[in-house]
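Taking the numbering used here, the leading residue of the sequence shown gets 56, the next gets one more, and so forth.
Ideal Cβ placement from N, Cα and C applies to all residues, glycine included.
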Amino acid sequence: MAHTRTFSSRNRSVSLSNPSFSIDGFDNSTVTLGYTGPLRTQRIRPPLVQMSGPIHSTRRTEPLFSPSPQESPDSSSTVDVPPEDDFVFKNANLLRSGQLGMCNDPYCTTCPSYYNRQAAQLHTSRVSASRFRTVLYGDARGWAKRFASSVRRCLPGIMNPHSKFVQVWTRVLAFSSLVAIFIDPLFFFLLLIQQDNKCIAIDWRATKVLVSLRSITDLIFFINILLQFRLAYVAPESRIVGAGQLVDHPRKIARHYFRGKFLLDMFIVFPIPQIMILRIIPLHLGTRREESEKQILRATVLFQYIPKLYRLLPLLAGQTSTGFIFESAWANFVINLLTFMLAGHAVGSCWYLSALQRVKKCMLNAWNISADERRNLIDCARGSYASKSQRDLWRDNASVNACFQENGYTYGIYLKAVNLTNESSFFTRFSYSLYWGFQQISTLAGNLSPSYSVGEVFFTMGIIGLGLLLFARLIGNMHNFLQSLDRRRMEMMLRKRDVEQWMSHRRLPEDIRKRVREVERYTWAATRGVNEELLFENMPDDLQRDIRRHLFKFLKKVRIFSLMDESVLDSIRERLKQRTYIRSSTVLHHRGLVEKMVFIVRGEMESIGEDGSVLPLSEGDVCGEELLTWCLSSINPDGTRIKMPPKGLVSNRNVRCVTNVEAFSLSVADLEDVTSLFSRFLRSHRVQGAIRYDSPYWRLRAARQIQVAWRYRRRRLHRLCTPQSSYSL
56 MAHTRTFSSR NRSVSLSNPS FSIDGFDNST VTLGYTGPLR TQRIRPPLVQ MSGPIHSTRR
116 TEPLFSPSPQ ESPDSSSTVD VPPEDDFVFK NANLLRSGQL GMCNDPYCTT CPSYYNRQAA
176 QLHTSRVSAS RFRTVLYGDA RGWAKRFASS VRRCLPGIMN PHSKFVQVWT RVLAFSSLVA
236 IFIDPLFFFL LLIQQDNKCI AIDWRATKVL VSLRSITDLI FFINILLQFR LAYVAPESRI
296 VGAGQLVDHP RKIARHYFRG KFLLDMFIVF PIPQIMILRI IPLHLGTRRE ESEKQILRAT
356 VLFQYIPKLY RLLPLLAGQT STGFIFESAW ANFVINLLTF MLAGHAVGSC WYLSALQRVK
416 KCMLNAWNIS ADERRNLIDC ARGSYASKSQ RDLWRDNASV NACFQENGYT YGIYLKAVNL
476 TNESSFFTRF SYSLYWGFQQ ISTLAGNLSP SYSVGEVFFT MGIIGLGLLL FARLIGNMHN
536 FLQSLDRRRM EMMLRKRDVE QWMSHRRLPE DIRKRVREVE RYTWAATRGV NEELLFENMP
596 DDLQRDIRRH LFKFLKKVRI FSLMDESVLD SIRERLKQRT YIRSSTVLHH RGLVEKMVFI
656 VRGEMESIGE DGSVLPLSEG DVCGEELLTW CLSSINPDGT RIKMPPKGLV SNRNVRCVTN
716 VEAFSLSVAD LEDVTSLFSR FLRSHRVQGA IRYDSPYWRL RAARQIQVAW RYRRRRLHRL
776 CTPQSSYSL
């Protein structure tokens, strides 16, 4: 009986070719093969089930049966934007974005590691599939889809907030925002008074420069608004547990941005100062309506000033996912000082514009004429509308000239700016106003005496409040900065106080107290108050090993350890403890137990034997090296330990410090661990010879044994010679 079996394109068969490469393979028909013989039985294959796997899996389950040609051609087409809740296509948009979707932050704890995989794993042949659908099925909407796909190719992919492109763009945006914040108050200085004609004019040369710069910064910020729709973000609800989850779906990104700072960014980028200075103010210059327009200009500039600071400072301080961090204390100090200067710049600009308004008000009240005539005289651009005789009378009018004198009008705090409005130099008007604003914020408006004008009084109060706020912030940051510099010194003072209180509580004698103070002082000088063991705890093992190899280079200077392998030395380095000894301290006592090996790093010691012989020890020398031989004698060649006397090794010498000594010590327990681990290597003839030849202890012991043997031989020879001489007599 013949059986049939249906194969999909994934099944492997000798007699079956891949249908995707067949000329007639576009009909999606199934391939049927016949089997004969009793050995072939039909088995029903279970459907393929997608098993749970790693999060970065991109393989999708294929159907057992190919789709029929009657199905819609769109059912097998590639979807450009995956569904929001598709687990298989999680973060697929970032993967498709290539370099824009990769995380380039080495300190990132949010982005999964599978972002580094190639985005080609999710790509399919979209162009070829679109062509085949159009040819076979006559897709009437093919031109629209091709147009949409071409538009999508022009747009950037979904960007990772930690990608290199976003980091570079953040720096460009921060610099542009800083320039925009500095430029906005400069629009107030575009208005000035021509002293010769007693009229108000606009500095069009400076206007063109400022409008161009402001338009460039607005364009950069508008591009940033567009990029926000392609920038992935960390879901706030995912930060509760774990490192956070990046959301890269375009719809979710757009929805998140619309609900967030979209309206604020659109308000920031709106060109209000350009419109006011180019269109509105020139139309009403010289009228009373101009006063309200200047107030609108000032209000809009200041209202845009605060949101720009709100968006810029987090970027500089690194409080955003795309911000760059100033880790230096000096950099943070410069940022606070820059904030102080920007506030002074804004205050000085408002002061200049208010002074200009006060001078204009004085000029409007100086001559009782019609409104149109006043406008023609005050607006320099409309001077041609007034007759020459009328302009001459206006220039020579005593009331008008009195507006530019100190006692001609009640100017209050704007008195210094009256003649400043006549300066033709833009830089002069700006620099003096900046100085005035910086001075008033620094002195909290201590030298200002406002008039009875309500606006002037509130402006002075605002300067005082702003100065107090900035001073509190600046002084607080400076205090933290100076405190960070003196933190170690404060810790030393607190420890010194604790030690003094402890010694007083224990009623220690004065000589011991003096020694304790010397030990504390020298220990602090040697370690700088840093506990190296705590620093090593959070470091990886290989980094700890490299640091210890650098710190303990002195081990290579000792010939005993220069013959050892790096594995033995690394084991010894891990167990070394830092020790400090002051002058006249005793490291080893005669008839006392030898409990440690001491490696001298800095300073001098001396070893005094039983017979009074003195052996100097300095940097690179070791005392207590007899412990190494003693520990080796307690270990069998096979690594098993021999029971030793519980009293330990007794010292036959005194070792004391000639100067203050900085050293590292190795305890008996640690040395026993090392010898038990590397006993076979330490028993080599080279190591044993180095121990016995270079050790001061063993050399002194060998010299004593030689002396004893020599004296014994001389005594025997003397005894032998004495009977022979008496016998001969």
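- In the three-state DSSP reduction, N535 falls in the helix class (H, G or I).
- When DSSP states are grouped into helix, strand and coil, C417 belongs to the helix group.
- Looking from the CA of Y360, the closest CA among L397, I332 and N391 belongs to L397.
- In the DSSP assignment, R334 forms no beta bridge with any residue.
- Annotation for R634: the continuous beta strand (DSSP E) segment containing it runs K632 to Y636.
- Look at the region 577-636 and you find these whole runs of beta strand (DSSP E), each 3 residues long or longer: 632-636.
- In this structure, V656 is the residue among V656, W765, G584 and N593 with its C-alpha nearest to the C-alpha of N715.
- About 5 Å separates the beta carbons of R628 and F607, which is inside the 8 Å limit, making them a contact pair.
- In the displayed model, Q300 falls within coil according to three-state DSSP, outside both helix and strand.
- Cβ neighbours of F485 within its own chain (closer than 6 Å, five residues either side excluded): F244.
- By the Cβ-count criterion, K443 is exposed, with fewer than 16 other Cβ atoms from all chains shown falling within 10 Å of its own Cβ.
- DSSP places Y767 in the helix class (H, G or I) of the three-state scheme.
- Each of V221, F481 and M533 was checked against the Cα of N279, and the nearest Cα belongs to V221.
- Approximately 6 Å separates the beta-carbon atoms of A410 and T476; this is inside 8 Å, confirming the contact.
- Taking the CA atoms as reference points, T515 sits about 11 Å from Y469.
- In this chain, the alpha helix (DSSP H) harbouring M545 covers R542 to R561.
- Annotation for V710: the continuous beta strand (DSSP E) segment containing it runs N709 to C712.
- Excluding its 5 nearest sequence neighbours in each direction, H644 has C-beta neighbours in its own chain below 8 Å: S706 and N709, listed in chain order.
- Contact between R630 and L721 holds, since their C-beta atoms are separated by about 6 Å, short of 8 Å.
- Shown here, A724 sits in a helix according to DSSP, grouped into three states.
- Collapsing the DSSP output to three states places R657 in a strand.
- Taking all protein chains shown into account, L338 has fewer than 16 neighbouring C-beta atoms within 10 Å of its C-beta and is therefore exposed.
- For P671, the enclosing beta strand (DSSP E) starts and ends at V669 to L672.
- The C-beta of Q762 has fewer than 16 other C-beta atoms within 10 Å across all chains shown, which makes the residue exposed.
- When L393, F322, G467 and R366 are compared, the shortest CA-CA separation from N502 is found for G467.
- Between the region 329-336 and the region 253-269, the count of C-beta pairs closer than 8 Å reaches three or more; the two stretches touch.
- In the structure shown, the three-state DSSP call for I257 is strand.
- Nearest C-alpha to Y487 among D625, K471 and R768: K471.
- When secondary structure is reduced to three states using DSSP, E717 falls in the strand class.
- The beta carbon of I424 sits closer than 6 Å to none of the beta carbons in its chain outside the five residues before and after it.
- Beta-carbon to beta-carbon, C678 and L672 are separated by about 6 Å, close enough to satisfy the 8 Å threshold.
- Taking every protein chain shown into account, the CB of K611 has fewer than 16 other CB atoms within 10 angstroms, so this residue is exposed.
- For I308, there is no enclosing beta strand (DSSP E); the enclosing alpha helix (DSSP H) covers residues P305 to R314.
- Looking from the CA of I637, the closest CA among E587, M594, E681 and W579 belongs to W579.
- Around the beta-carbon of L318, fewer than 16 other beta-carbon atoms lie within 10 Å, marking it exposed.
- In terms of CA proximity to S734, D620 leads the group A764, D620, W422 and M594.
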